[in-house]
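Here's the structure, in structure tokens; my notes come after.
2 protein chains.
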Amino acid sequence: MTAPHGQRPHVVIVGGGFGGLSAVRALRRHDVDVTLVDKRAYNTFQPLLYQVATATLNPGDVTYFQRAVRAVNPHVRFRLGEVVRMDHAARTVSLDSGEDLAYDHLIIAAGVTANFFGIPGAEDNALPIYTRDGALDVRTRLFTGLEAAATEGDEHGDVRVVVVGGGATGVETAGALAEMRNHDLQVTYPELDPQRTHVTLVEMAPVLLGAFHEGSQAYAKASLEKRGVDLRLGTKVAEVRPDGVVVGDGELIPAGLVIWASGIAVSSSVADWGVPQGKGGRILVDDHLRVQGLPDVYAVGDIALDEGNALPQLAQPALQGGKYVAKQIVAGLAGAPELPPFRYRDKGSLATIGRSAAVAEISHLPDLKGFPAWAVWTGVHVFSLLGNRNRAATMVNLTAKYAFWNKSHNAIVGDLPTVRERARQRRAS
Amino acid sequence: MTAPHGQRPHVVIVGGGFGGLSAVRALRRHDVDVTLVDKRAYNTFQPLLYQVATATLNPGDVTYFQRAVRAVNPHVRFRLGEVVRMDHAARTVSLDSGEDLAYDHLIIAAGVTANFFGIPGAEDNALPIYTRDGALDVRTRLFTGLEAAATEGDEHGDVRVVVVGGGATGVETAGALAEMRNHDLQVTYPELDPQRTHVTLVEMAPVLLGAFHEGSQAYAKASLEKRGVDLRLGTKVAEVRPDGVVVGDGELIPAGLVIWASGIAVSSSVADWGVPQGKGGRILVDDHLRVQGLPDVYAVGDIALDEGNALPQLAQPALQGGKYVAKQIVAGLAGAPELPPFRYRDKGSLATIGRSAAVAEISHLPDLKGFPAWAVWTGVHVFSLLGNRNRAATMVNLTAKYAFWNKSHNAIVGDLPTVRERARQRRAS
Chain A
1 MTAPHGQRPH
11 VVIVGGGFGG
21 LSAVRALRRH
31 DVDVTLVDKR
41 AYNTFQPLLY
51 QVATATLNPG
61 DVTYFQRAVR
71 AVNPHVRFRL
81 GEVVRMDHAA
91 RTVSLDSGED
101 LAYDHLIIAA
111 GVTANFFGIP
121 GAEDNALPIY
131 TRDGALDVRT
141 RLFTGLEAAA
151 TEGDEHGDVR
161 VVVVGGGATG
171 VETAGALAEM
181 RNHDLQVTYP
191 ELDPQRTHVT
201 LVEMAPVLLG
211 AFHEGSQAYA
221 KASLEKRGVD
231 LRLGTKVAEV
241 RPDGVVVGDG
251 ELIPAGLVIW
261 ASGIAVSSSV
271 ADWGVPQGKG
281 GRILVDDHLR
291 VQGLPDVYAV
301 GDIALDEGNA
311 LPQLAQPALQ
321 GGKYVAKQIV
331 AGLAGAPELP
341 PFRYRDKGSL
351 ATIGRSAAVA
361 EISHLPDLKG
371 FPAWAVWTGV
381 HVFSLLGNRN
391 RAATMVNLTA
401 KYAFWNKSHN
411 AIVGDLPTVR
421 ERARQRRAS
Chain B
1 MTAPHGQRPH
11 VVIVGGGFGG
21 LSAVRALRRH
31 DVDVTLVDKR
41 AYNTFQPLLY
51 QVATATLNPG
61 DVTYFQRAVR
71 AVNPHVRFRL
81 GEVVRMDHAA
91 RTVSLDSGED
101 LAYDHLIIAA
111 GVTANFFGIP
121 GAEDNALPIY
131 TRDGALDVRT
141 RLFTGLEAAA
151 TEGDEHGDVR
161 VVVVGGGATG
171 VETAGALAEM
181 RNHDLQVTYP
191 ELDPQRTHVT
201 LVEMAPVLLG
211 AFHEGSQAYA
221 KASLEKRGVD
231 LRLGTKVAEV
241 RPDGVVVGDG
251 ELIPAGLVIW
261 ASGIAVSSSV
271 ADWGVPQGKG
281 GRILVDDHLR
291 VQGLPDVYAV
301 GDIALDEGNA
311 LPQLAQPALQ
321 GGKYVAKQIV
331 AGLAGAPELP
341 PFRYRDKGSL
351 ATIGRSAAVA
361 EISHLPDLKG
371 FPAWAVWTGV
381 HVFSLLGNRN
391 RAATMVNLTA
401 KYAFWNKSHN
411 AIVGDLPTVR
421 ERARQRRAS
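Quick mapping for you: the protein sequence lines, in order, are chains A and B. Under the UniProt record's numbering, think of the first position of the first sequence as 1, with each following residue one higher. Under the UniProt record's numbering, think of the first position of the second sequence as 1, with each following residue one higher.
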């Protein structure tokens, strides 16, 4: 059983995403030792992962080395690993390394993973953009498909991508793909007929951006249609097959690549963590973000659910929750009275569709559309990245993409299989 | 058999490195169609790959999408593939896709690969920094080793990296590793004792930077020693084992990671290309860079050898050779007299050792050392990158590394295996 050597209270934080890192930051000037556990060596800025998938940003632009947070809070130690068990009577968190961490206070901020809602074939045939690896897989599949079609010459089949989900991620992904088709492919893939390259977005609800206002929804719809995205609203996905998506009425929408931008779920391993779980497996918390029945255990962000006050699964509730919980722990240690219940302050919603096209709903401001919204989107996202280097590098790459429009057609790609390698892979599978 | 549809002469270029792309550029305003063949989808700026291996730059900062060169020369088409055969009587180049390219003029600029000189165990146990993938493998092994030692706690074994080769790549890699050990590890890996983290450089010659002047050699030696690199000059590698490097006298230098920065060789597939090969398998050319006996076939860069005038295997001879050959082809098509023989203009040599420490030997200028040399090194390398985006992004990342010294400790890492995953990998192997 390990705890830091000092006699200071020990806060264990599981998950170094928005919620976990905002708690790390909020604890930096206080007299506590912190152990941060994450199964990845880096933090991921998920709102920009679709830009990695569509080859505009480097994975390194939207990830941040977890161990570098010690520059922010020197009382943090990091453990790379997965939590396999928690024992709240003994106050321990057990890692896959075999190490048991003793905690005085525990913050669970482990986030969520993709949810395929049990739709047949979805997990096997659709690629979610929810992790760095997922985004890189989409990028490789996308460019491998383009290369294959280009090699086949004039007789190539149509190139078809289907995006499932009409929330911010789905809209942004479909918009970026349409911009690539409309502006880059004629230069980089002259072998392909743009008329035979298709981007389709499938959404069960009758509108895009369900969480936004009506004006923003209409603007997003018009912007995607203007860019030639085939919109299938009010359309339910019944099955995902290797050759496409079967929708409610039995129609097959053919696709060489299906991108999953719909739904998130709690990891199944949470069942071993000794915490009460509610809808979707989320951890049940009270109005102080305490896990029900466990006074020194908190849960924040996507993984937490206060049934009396369900919050959207976005960055802001996680950021605010992490900070609130850190303050709550510090107040408790100081013998100060308990904080009032957690209140989420909705700062607004943003989504971008393409160059100079975005929607921005900021609290206390009128809704923005078009270039002003796009400028706000860019500023907010870049400012939210951890570290000046990531901010500057992302700004450079987004600027290159949007300012040198139609002049540079660079794309950040990895290794693509050649024709011979593709044949070998097909034989092996 | 495919050739572009027009009646314009068709130049096939095999390899999109420094030599091939400089030919593509030089041909951009002339009346020829160009097909560029490369087995990778991107061009790699090899001189900065060691910065990818040591987690300062993104792979996307030092690679450039091959298909984006059409923005430079719209008469280029690209083929992703490997050359499996050439038939110079029929004037064809056969790709692994089965496609045969008919050429009027052929430029072979396929570069070289790592050379292990037949040293036992080297190919299996040492990692070369010669490709994007190679650099990423080094990065993953390096950080996996640090994480493993950090997890093991106070009893961890010493962390030892051996760099084989004292040329520019070896010196720059060892310098970057030493700077990481001296400046970053105390923040990011507080679990490790810096005294027990070792960087060793092994070089057969009695000096570092054999191609440089004596003053630069002495400066590089002193700079690495000052940074705590264990230098083993005049030391021959006899064997590379999983646990380290055995040197000439039978001593084992223990190492968890052996980086190979010594020697390059021509790919074995060149034997099927119907061209005369000389020392090290390099393609024999005359003083006009024509492949001996094949008047319409040229070879440039590392892969070419003019026995009467052997050139260093660096970027500059390739860049100048590609441009010269393009001019030669254009002159021939115009019926102009043959160009005078190719003359390589040595513009100088550069190597960096650490922050504000470098050597620069520029023709017609006195040799530079220290900060002025480092500033020249940075400027030349950044300026040499293809594309404004890569230039700006690299400048940002190098600036963050050197200007915010000791404040930011970000590192660009990928996925690292957790302890459980490492155990699983060990069992599987």
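Glycine included, every Cβ here is placed at the ideal spot set by N, Cα and C.
Min CB distance residue i to chain B below 8 Å
i	result
V202/A	no
T151/A	yes
I119/A	no
A393/A	yes
T188/A	yes
V62/A	no
E225/A	no
A176/A	no
R77/A	yes
Y130/A	no
F65/A	yes
F143/A	yes
Cβ-heavy atom distance, residue i to the ligand MG, below 7 Å
i	result
T35/B	The model depicted lacks the ligand MG and carries no ligand whatsoever.
Neighbouring residues, chain B, relative to residue i (Cβ below 9 Å)
i	result
residue 436/A	Since the first residue shown for chain A is 1 and the last is 429, residue 436/A is missing from the structure and cannot be characterised.
Counterpart residues of residue i in DSSP-defined beta bridges
i	result
Y64/A	N43/A
P254/A	G244/A
G278/B	Note: G278/B sits in no beta bridge, so no partner.
Y50/B	None, per the DSSP bridge assignment.
W260/A	P128/A and V164/A
Y298/A	I107/A and R290/A
I13/A	L36/A and I107/A
Burial state of residue i (16 or more Cβ within 10 Å)
i	result
P59/B	buried
L106/B	buried
R196/B	exposed
G335/A	exposed
E175/A	Reading off the sequence shown, one finds Gly at residue 175/A, where the question assumed Glu. Buried.
E155/B	exposed
H213/A	exposed
R424/A	exposed
G340/A	Sequence inspection shows Pro at residue 340/A; the Gly mentioned does not correspond to that position. P340/A comes out exposed.
H364/B	exposed
Beta carbon proximity, residue i to chain A, threshold 8 Å
i	result
D302/B	no
D137/B	no
A400/B	yes
F45/B	no
F383/B	no
Chain B contact residues for residue i, given Cβ-Cβ distances below 7 Å
i	result
I412/A	G60
V396/A	R389, A392, A393 and V396
E123/A	Neighbours of E123/A on chain B: none; closest Cβ ~20 Å, over 7 Å.
L80/A	E147, L416 and T418
S363/A	Neighbours of S363/A on chain B: none; closest Cβ ~32 Å, over 7 Å.
Y42/A	V413
D133/A	D415
Partner residues on chain A for residue i, Cβ-Cβ distance less than 8 Å
i	result
A68/B	V187, T188, S408, H409, N410 and A411
S97/B	T151, T418, V419 and R420
Contacts that residue i makes with chain B (C-beta to C-beta distance below 8 Å)
i	result
residue 433/A	The first residue shown for chain A is 1 and the last is 429, placing residue 433/A beyond what the model contains.
A71/A	V187, K407, S408 and H409
- Task: Mind the definition here: the region 162-173 of chain A touches the region 249-263 of chain A only if three or more C-beta pairs lie below 8 Å; say whether that holds.
- Result: The region 162-173 of chain A vs the region 249-263 of chain A: in contact.
- Task: Flag this pair as touching only if the region 84-97 of chain B and the region 211-221 of chain B have three or more C-beta atom pairs under 8 Å; answer yes or no.
- Result: Contact between the region 84-97 of chain B and the region 211-221 of chain B is absent, because fewer than three Cβ pairs lie under 8 Å.
- Message: What are the residues in the region 101-116 of chain B lying within 8 Å of chain D by C-beta distance?
- Response: Absent from the structure: chain D. Protein chains present are A and B.
- Message: With a threshold of 8 Å, are at least 3 pairs of Cβ atoms found where one atom belongs to the region 98-105 of chain B and the other to the region 134-147 of chain B?
- Response: With a cut-off of 8 Å, the region 134-147 of chain B and the region 98-105 of chain B do not count as touching, because too few Cβ pairs lie within range.
- Query: Is the region 352-363 of chain B in contact with the region 306-321 of chain B, if contact means three or more CB pairs nearer than 8 Å?
  - Reply: Result no; under three Cβ-Cβ pairs closer than 8 Å.
- Task: State whether the region 383-403 of chain A contacts the region 69-78 of chain B, with contact taken as three or more CB pairs (one from each stretch) at a distance under 8 Å.
- Result: The region 383-403 of chain A makes no contact with the region 69-78 of chain B: fewer than 3 CB pairs, one atom from each, lie closer than 8 Å.
- Message: I want to know whether the region 261-275 of chain B touches the region 324-332 of chain B - three or more CB-CB distances under 8 Å.
- Response: The region 261-275 of chain B makes no contact with the region 324-332 of chain B: fewer than 3 CB pairs, one atom from each, lie closer than 8 Å.
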